[in-house]
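Sequence order for the protein chains is B and L.
In this text, residue positions in the first sequence follow my numbering: the first is 317, and each later residue adds one.
In this text, residue positions in the second sequence follow my numbering: the first is 317, and each later residue adds one.
Idealized CB from N, CA, C, for every residue including glycine.
Here the structure is laid out as structure tokens; the discussion comes afterwards.
Protein chains: 2
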Amino acid sequence: MSDKPISIRDVAERAGVSPGTVSNVMNGSKPVNPALAERVRQAARELGYQADRAAALLRTGKARIIAVLVPDLDNPFFTSVVSAVETSLRDQGYELIVASSNGDEATEHSRLAAMLAWRPAGLVVIPCSDDFSARAGIEQAGVPYVIADRITREPTADTVSVDNEDAGTIGARHLLELGHRNILVAASVLTLGNIRERCAGIGATLGRAGLPPPVILESGGHFELAAARLSQWLDANRRPTAILALTNFTTLGALAALAERQIGIPRPISLIGFDDYAWMRARATPLTAIRQPVTEIGEAIWARLKARIDGDASPPAHIQLKCSLEIRASTAAPSVEDGISTGAA
Amino acid sequence: MSDKPISIRDVAERAGVSPGTVSNVMNGSKPVNPALAERVRQAARELGYQADRAAALLRTGKARIIAVLVPDLDNPFFTSVVSAVETSLRDQGYELIVASSNGDEATEHSRLAAMLAWRPAGLVVIPCSDDFSARAGIEQAGVPYVIADRITREPTADTVSVDNEDAGTIGARHLLELGHRNILVAASVLTLGNIRERCAGIGATLGRAGLPPPVILESGGHFELAAARLSQWLDANRRPTAILALTNFTTLGALAALAERQIGIPRPISLIGFDDYAWMRARATPLTAIRQPVTEIGEAIWARLKARIDGDASPPAHIQLKCSLEIRASTAAPSVEDGISTGAA
DNA sequence: TTGTAAGCGTTATCAC
DNA sequence: GTGATAACGCTTACAA
Numbered sequence: 317m318s319d320k321p322i323s324i325r326d327v328a329e330r331a332g333v334s335p336g337t338v339s340n341v342m343n344g345s346k347p348v349n350p351a352l353a354e355r356v357r358q359a360a361r362e363l364g365y366q367a368d369r370a371a372a373l374l375r376t377g378k379a380r381i382i383a384v385l386v387p388d389l390d391n392p393f394f395t396s397v398v399s400a401v402e403t404s405l406r407d408q409g410y411e412l413i414v415a416s417s418n419g420d421e422a423t424e425h426s427r428l429a430a431m432l433a434w435r436p437a438g439l440v441v442i443p444c445s446d447d448f449s450a451r452a453g454i455e456q457a458g459v460p461y462v463i464a465d466r467i468t469r470e471p472t473a474d475t476v477s478v479d480n481e482d483a484g485t486i487g488a489r490h491l492l493e494l495g496h497r498n499i500l501v502a503a504s505v506l507t508l509g510n511i512r513e514r515c516a517g518i519g520a521t522l523g524r525a526g527l528p529p530p531v532i533l534e535s536g537g538h539f540e541l542a543a544a545r546l547s548q549w550l551d552a553n554r555r556p557t558a559i560l561a562l563t564n565f566t567t568l569g570a571l572a573a574l575a576e577r578q579i580g581i582p583r584p585i586s587l588i589g590f591d592d593y594a595w596m597r598a599r600a601t602p603l604t605a606i607r608q609p610v611t612e613i614g615e616a617i618w619a620r621l622k623a624r625i626d627g628d629a630s631p632p633a634h635i636q637l638k639c640s641l642e643i644r645a646s647t648a649a650p651s652v653e654d655g656i657s658t659g660a661a
Numbered sequence: 317m318s319d320k321p322i323s324i325r326d327v328a329e330r331a332g333v334s335p336g337t338v339s340n341v342m343n344g345s346k347p348v349n350p351a352l353a354e355r356v357r358q359a360a361r362e363l364g365y366q367a368d369r370a371a372a373l374l375r376t377g378k379a380r381i382i383a384v385l386v387p388d389l390d391n392p393f394f395t396s397v398v399s400a401v402e403t404s405l406r407d408q409g410y411e412l413i414v415a416s417s418n419g420d421e422a423t424e425h426s427r428l429a430a431m432l433a434w435r436p437a438g439l440v441v442i443p444c445s446d447d448f449s450a451r452a453g454i455e456q457a458g459v460p461y462v463i464a465d466r467i468t469r470e471p472t473a474d475t476v477s478v479d480n481e482d483a484g485t486i487g488a489r490h491l492l493e494l495g496h497r498n499i500l501v502a503a504s505v506l507t508l509g510n511i512r513e514r515c516a517g518i519g520a521t522l523g524r525a526g527l528p529p530p531v532i533l534e535s536g537g538h539f540e541l542a543a544a545r546l547s548q549w550l551d552a553n554r555r556p557t558a559i560l561a562l563t564n565f566t567t568l569g570a571l572a573a574l575a576e577r578q579i580g581i582p583r584p585i586s587l588i589g590f591d592d593y594a595w596m597r598a599r600a601t602p603l604t605a606i607r608q609p610v611t612e613i614g615e616a617i618w619a620r621l622k623a624r625i626d627g628d629a630s631p632p633a634h635i636q637l638k639c640s641l642e643i644r645a646s647t648a649a650p651s652v653e654d655g656i657s658t659g660a661a
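Right, dumping it as structure tokens:
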């Protein structure tokens, strides 16, 4: 409970040198006599000295802080991205400051401003909408940033996302190959570009097979809402032979709706989930799922950001990572009668 | 991409006042002539001024930063606590800096030191072990902190956790009432005090019913490991009529092991999970689960920390929140033959 | 190679 | 009520 933190001057005094020399020893910014350097390090160790990073920041103007803004800290996809970024950062002496916009534009603005006030070296943002109205504020601040997952129209910064169209394609193709012709797409919200792209990939794939566009159900961003909307839809319409979910929450919604109606998986309804979590495997019928490469996403984000921080001035890069299809037991060929009836319809 | 951030002096100049006055206006630390104040605010708005918080910190020594250290940013329980804390903080002008110790003592040390170098106003830590060897470093820094979830022996700071013994008790009692006598406890690691307390609660409850202590299987902290250990155990021993899982990952492990063996839930084996997530409900057999009050945990953490930051010097408080049992479909009375055979054994 | 001193943007303490 | 001015702890020219 010692109240005054140890300053560089305390160390200097104890080692019998000047503060400047201590700084040079600690940062290696200038060569220092080895014997002296050792004495300084010794003194620092004895006193438990830790440089005040705020003071250093003030002087240099370059904080070793990365700010991360996500729409929801309770969504495992977002936290897994945060985790992946954190892992990349940790060895390079950076700190992570995080905030959640709670999917709200106004909050996004204010949280962003608050984080920017720390003059971070870089910023990672998963915007809460494609408008990304906070962009102006960031660019005015002149902070390098990368936009992840949800890509703004005409982005003026680096972006990292998955190839959403391809993600839709591999899901649709798998169902097609199994013989499905009557597919329900469980989208979250169609105002999001990445969701629309996933839909586009599905639509194009069906189109190439000479099929009409799929039914797309906009089921909302939350689990409960998705479950309710899907339940309602299933009760009101002829049942599809397969459901293709486009987010982790809609996957849960579909699962809940099917379970509640005691509809079997993969028959009479096959299900493809989105993302890949342990709970998808820990089931009697493990879920076939479209997996986003989370670790690679985090690494790509950091690679771009680090390059910008280090002065890279090349035009914005737009990195797209491929999703993979994890084929498990929740997809199968449709029942014969379903296949015939829908195929002949 | 304007490179120089706007400083308090720029605002002062534009408003035709001194920097000190601007500071007083922005922080309300001293009364200022309303007309002047408005002029200052106007100028600040026009320039897009945002006070540099690092500079303010340097001067005041009081950062509006809270550092949070958790063992794993991919564990939804930990991230939900982070999220709950973030929600509490956001309106009070604090920022959150987070790091993961990855369950490793050395990493815990170094991450802690790095975060402490920002002179945060407070610290919340979920230690990676009960030893919590980093404690000394924190106390030397004189930062108010609260220990959450995993409680150190003889804690010298505020702690917030659930009543783990009670959590074990309500789970065991539920199984007892259903008629189970042959219960397998899926613990993660017994070096953790909270897990041992949960076990103690179970043991005591069984004891009061005149039953011997339960079989406790230490299945490890990760999903894959838990699944493997539980599988192995189930193959090598007489089957229990119920499994009581003590963490979210062991819940998943149990689910996976049972699914793989095509063992039904709740018969022949009932299952109680730990924590409460959407995936536990989105199942044909929704899971009965011991729910930790995550939001309340986050609020309690922040309440204690805020009080300490504001100078509360009362003796360390040790807050224990009660878990609740969410009874769903994964628990039922054991099959008759099982009930008889084990009851008579 | 080492010491000295200026200055980063802010807030607090003074005079006024 | 307002304006100078010093100081926070650090880095970095520049002087020695």
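Spatial neighbours of residue i within its chain, please: CB distance less than 8 Å, with the 5 preceding and 5 following residues excluded, ordered by chain position.
i: B:G453; result: H425, L428, A429 and L432
i: B:E362; result: R330
i: B:P436; result: A379, I381, I382, A383, I413 and V459
i: B:R724; result: With chain B covering only 317 through 661, there is no way to say anything about residue 724 of chain B.
Within a Cβ cutoff of 7 Å, which residues of the same chain sit near residue i, ignoring the five residues on either side of it in sequence?
i: B:W549; result: L533
i: B:G659; result: Because the pLDDT at B:G659 is just 39, under 50, the model does not fix this residue reliably, and the point stays unresolved.
i: B:R466; result: I442, P443, D446, L508, G509 and N510
i: L:A573; result: A543, L546, S547 and L550
Within 10 Å of its beta-carbon, does residue i have 16 or more other beta-carbons around it, so buried, or fewer, so exposed?
i: L:P460; result: buried
i: B:I266; result: Summary: the structure shown does not reach residue 266 of chain B, with chain B confined to residues 317 through 661, and so no result is reported for it.
i: L:D551; result: exposed
i: B:T566; result: buried
i: B:I656; result: Note that B:I656 scores a pLDDT of 45, beneath 50, so its modelled location is shaky; the value from the coordinates is reported in the next line. Result: exposed.
i: B:A483; result: buried
i: B:N391; result: buried
i: B:T376; result: exposed
i: L:P321; result: buried
i: B:V398; result: buried
i: B:G627; result: exposed
i: B:A351; result: exposed
i: L:P528; result: exposed
i: B:S630; result: exposed
i: B:E470; result: exposed
i: B:G332; result: exposed
i: L:A525; result: exposed
i: B:D407; result: exposed
Report all residues from its chain with a CB closer than 6 Å to the CB of residue i; omit the five preceding and five following residues, and keep chain order.
i: B:S646; result: I581, P582, L587, T601, L603 and T604
i: B:G589; result: A561, T567, M596, L603 and A605
i: L:I635; result: V476 and A616
i: B:A558; result: L491, H496, I499 and S586
i: B:F448; result: T468
i: B:S318; result: Caution applies to B:S318, whose pLDDT of 49 falls short of 50 and renders its modelled position unreliable; the value that the coordinates give is listed next. Cβ within range, chain order: n/a, list empty.
i: B:T485; result: G517 and T521
i: B:I579; result: I585
Mind reading off the beta-carbon distance from residue i to residue j? Whole number of angstroms is fine, and I expect it under 8 Å.
i: B:A616; j: B:L637; result: 7 Å
i: B:A502; j: B:A570; result: 5 Å
i: L:P632; j: L:T472; result: 6 Å
i: L:F394; j: L:V386; result: 4 Å
i: L:L374; j: B:A370; result: 5 Å
i: B:V531; j: B:S396; result: No, B:V531 and B:S396 are not in contact; Cβ-Cβ is about 30 Å, not under 8 Å.
i: B:D388; j: B:S416; result: 6 Å
Roughly how many whole angstroms lie between the Cα atoms of residue i and residue j?
i: B:V505; j: B:I511; result: 7 Å
i: L:T507; j: L:C515; result: 12 Å
i: L:I613; j: L:V476; result: 7 Å
i: B:N480; j: B:H490; result: 16 Å
i: L:L439; j: L:Y410; result: 12 Å
In the DSSP assignment, what residue or residues form a beta bridge with residue i?
i: L:F590; result: L:I606
i: L:I322; result: DSSP lists no partner for L:I322.
i: B:L637; result: B:V478
i: L:E576; result: Partner(s): none; L:E576 has no beta bridge.
i: B:I463; result: B:V441 and B:T475
Any heavy atom of the ligand MG within a distance shorter than 7 Å of the CB on residue i?
i: B:A371; result: Absence of the ligand MG from the depicted structure is noted, as is the absence of any ligand whatsoever, leaving it without description.
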